[in-house]
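Presented below is the structure to which this report refers.
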Amino acid sequence: MMLSKSARIWLRLAMVAGLGVIYVPLLVVLIGSFNSSTTFSWPPSGLTGHWWSVTLHNTGVRSALWTSVKAGLAATAVALLLGTMLAFAVQRYRFFGRGTVSLLVVLPIALPGIVTGIALNNAFRTVLDPLGIKLGLFTVIVGHATFCIVVVFNNTQARLRRLGASMEEASADLGADTFQTFRYVTFPLMRSALLAGGLLAFALSFDEIIVTTFTAGAGVETLPIWIFNNLFRPGQAPVVNVVAAALIVLSIVPIYLAQRLSGDDAKLI
Numbered sequence: 001m002m003l004s005k006s007a008r009i010w011l012r013l014a015m016v017a018g019l020g021v022i023y024v025p026l027l028v029v030l031i032g033s034f035n036s037s038t039t040f041s042w043p044p045s046g047l048t049g050h051w052w053s054v055t056l057h058n059t060g061v062r063s064a065l066w067t068s069v070k071a072g073l074a075a076t077a078v079a080l081l082l083g084t085m086l087a088f089a090v091q092r093y094r095f096f097g098r099g100t101v102s103l104l105v106v107l108p109i110a111l112p113g114i115v116t117g118i119a120l121n122n123a124f125r126t127v128l129d130p131l132g133i134k135l136g137l138f139t140v141i142v143g144h145a146t147f148c149i150v151v152v153f154n155n156t157q158a159r160l161r162r163l164g165a166s167m168e169e170a171s172a173d174l175g176a177d178t179f180q181t182f183r184y185v186t187f188p189l190m191r192s193a194l195l196a197g198g199l200l201a202f203a204l205s206f207d208e209i210i211v212t213t214f215t216a217g218a219g220v221e222t223l224p225i226w227i228f229n230n231l232f233r234p235g236q237a238p239v240v241n242v243v244a245a246a247l248i249v250l251s252i253v254p255i256y257l258a259q260r261l262s263g264d265d266a267k268l269i
């Protein structure tokens with residue numbers, strides 16, 4: 001499609017404006033992490049790296065970081081297992097209610113986080129409390145897995161759709177059993193899609209706050225929850241800025257790697 005010079009200029013301006021709305025606030029947070037002031041003042045009264053050192057030695061931050069990592073890794077593992085199995089079932093087999101199952105798997109990521117959080121909180125208190133299982137890290141992992149499964153499911157199903165079943169059928173014709181076919185044919189072709197889905201799932205879990213608020217209970221504090229709890233405490237503004245800046249960087253890495261993996265695979269298929 002050919003566009004006039006003025007149309008191209010307006011499109012570029014719109015693109016710059018859209019990117020500015022997204023990334024200028026993030027840039028403000030990054031600069032604020034070096035602000036010498038103990039408040040969220042702008043512009044910075046001075047620049048210093050002191051608060052990064054303070055944050056590094058903050059036991060609350062380190063504990064919250066480790067909790068987020070544990071929850072993210074566990075939720076990603078659950079999502080990889082269940083999301084992959086669901087994708088294979090929906091994409092490789094025909095059965096009654098197949099479309100409904102696909103819709104139900106994707107639905108959690110479309111629901112508002114607060115709705116999911118309230119529903120999970122009620123379910124945990126109704127089902128798990130009588131069994132002696134209280135809200136804690138386990139319930140956080142289950143809550144995160146509900147939407148992490150969707151990311152893995154979508155990635156895996158998209159790859160299976162592009163691959164088709166011809167290679168697996170050829171492997172079976174050559175005498176390989178189901179597990180040999182999966183090990184030597186299916187898994188190598190699916191490996192990068194699973195890795196990309198796992199990275200995105202971990203990034204989603206690591207940054208989640210709304211569902212975590214309703215499923216964590218007392219004594220479990222992830223990094224986003226720590227930020228929220230310390231946001232308005234006196235003298236904590238610089239540390240909050242540093243943690244937020246670190247979260248931005250940590251979130252970019254898995255998303256960038258997932259995009260590169262997905263892009264490279266698209267060129268090979």
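Using UniProt numbering, the final residue of the sequence shown is 269, and nothing's skipped along the way. The beta-carbon is built from N, C-alpha and C at its ideal position, and this holds for glycine as well.
Item to check | Cβ shell of PHE62 (< 7 Å), same chain only, five flanking positions each side left out | outcome: Taking the sequence shown and counting its residues from 1, one reaches residue 62 at position 62. Checking the sequence shown, residue 62 turns out to be Arg, not Phe. Closer than 7 Å at the Cβ level, and outside the excluded window around ARG62, lies no residue.
Item to check | Exposure of ASN35, with buried meaning 16 or more beta-carbon neighbours within 10 Å | outcome: Within the sequence shown, numbered from 1, the residue matching residue 35 stands at position 35. By the 10 Å Cβ count, ASN35 comes out buried.
Next on the checklist: Whether or not the segment 74-87 and the segment 139-157 are in contact is what I'm after, with contact meaning three or more pairs of Cβ atoms, one per stretch, closer than 8 Å; do they touch?
Outcome noted: yes
Checklist entry - What do you get for HIS144, buried or exposed, if any count of 16 or more other CB atoms within 10 angstroms of its CB means buried? => result Position 144 of the sequence shown, counting from 1, holds the residue named residue 144. Buried, since its Cβ has 16 or more Cβ neighbours within 10 Å.
Checklist entry - If you follow the alpha helix (DSSP H) that HIS144 is part of, which residue opens it and which one closes it? => result Taking the first residue of the sequence shown as 1, we reach residue 144 at position 144. Where HIS144 is concerned, the enclosing alpha helix (DSSP H) stretches over 137-163.
Checklist entry - In chain order, which alpha helix (DSSP H) runs of at least 4 residues are fully inside the segment 168-215? => result 178-181, 187-207 and 210-215
Next on the checklist: Out of VAL253, ILE252 and GLY198, which one is the CA nearest neighbour of GLY72?
Outcome noted: Indexing the sequence shown from 1 puts residue 72 at position 72. That would be GLY198, whose Cα lies nearest to the Cα of GLY72.
Item to check | Cα-Cα separation between ALA87 and ALA193, rounded to whole angstroms | outcome: Here residue 87 refers to the residue found at position 87 when the sequence shown is read from its first residue. Here residue 193 refers to the residue found at position 193 when the sequence shown is read from its first residue. Near 12 Å, if we compare the C-alpha coordinates of ALA193 and ALA87.
Checklist entry - Where do the N-terminal and C-terminal ends of the alpha helix (DSSP H) with PRO108 fall, by residue? => result In the sequence shown, residue 108 corresponds to position 108, counting from 1. Element bounds for PRO108: 98-110.
Next on the checklist: Rounded to the nearest angstrom, what separates GLN91 and VAL243 at their Cα positions?
Outcome noted: Residue mapping note: residue 91 aligns to position 91 of the sequence shown, counting from 1. Residue mapping note: residue 243 aligns to position 243 of the sequence shown, counting from 1. Using only the alpha carbons, I get a separation of about 41 Å.
Item to check | Exposure label - SER4; buried when at least 16 CB within 10 Å | outcome: As a first step, residue 4 is located in the sequence shown; it is residue number 4 there, counting from the start. Looking at its Cβ environment, which holds fewer than 16 other Cβ atoms inside 10 Å, SER4 is exposed.
Item to check | Pick from GLY136, GLY164 and SER45 that is closest to TYR93, judged by C-alpha positions | outcome: For the purposes of this step, residue 93 is identified with residue 93 of the sequence shown, where counting begins at 1. Looking at the Cα atoms, GLY164 is the closest of the given residues.
Checklist entry - By Cβ distance, which residues of its chain are closer than 7 Å to PHE214, with the 5 residues on each side in sequence left out? => result Indexing the sequence shown from 1 puts residue 214 at position 214. Same-chain partners within the cutoff: GLY117, ILE118, LEU120 and ASN121.
Checklist entry - Roughly how many angstroms lie between the CA atoms of ILE133 and GLY18, to the nearest whole one? => result The residue labelled residue 133 in the question sits at position 133 within the sequence shown. The residue labelled residue 18 in the question sits at position 18 within the sequence shown. Cα-Cα distance, rounded: 46 Å.
Checklist entry - Just checking, does the segment 180-188 make contact with the segment 135-144 on the three C-beta pairs under 8 Å criterion? => result no
Checklist entry - What's the C-alpha gap between VAL54 and VAL239? => result In the sequence shown, counting from the first residue as 1, residue 54 sits at position 54. In the sequence shown, counting from the first residue as 1, residue 239 sits at position 239. For VAL54 and VAL239, the distance between alpha carbons rounds to 7 Å.
Item to check | Span of the alpha helix (DSSP H) around PHE34 | outcome: In the sequence shown, the residue the question calls residue 34 occupies position 34. First-last for PHE34: undefined, no H or E at that position.
Checklist entry - Is it right to say MET15 is buried, meaning 16 or more other beta carbons lie within 10 angstroms of its own, or is it exposed? => result Within the sequence shown, residue 15 is the residue found at index 15, counting from 1. Flag for MET15 reads exposed.
Checklist entry - Sorted by chain position, which residues of the same chain lie with C-beta nearer than 6 Å to VAL127's C-beta, five sequence neighbours on each side aside? => result As a first step, residue 127 must be located in the sequence shown, where it is residue number 127. Taken in chain order, the list of residues that qualify is empty.
Checklist entry - In the DSSP assignment, what residue or residues form a beta bridge with LEU47? => result Start at 1 with the first residue of the sequence shown, and residue 47 comes out as number 47. Its beta-bridge partners are ASN35.
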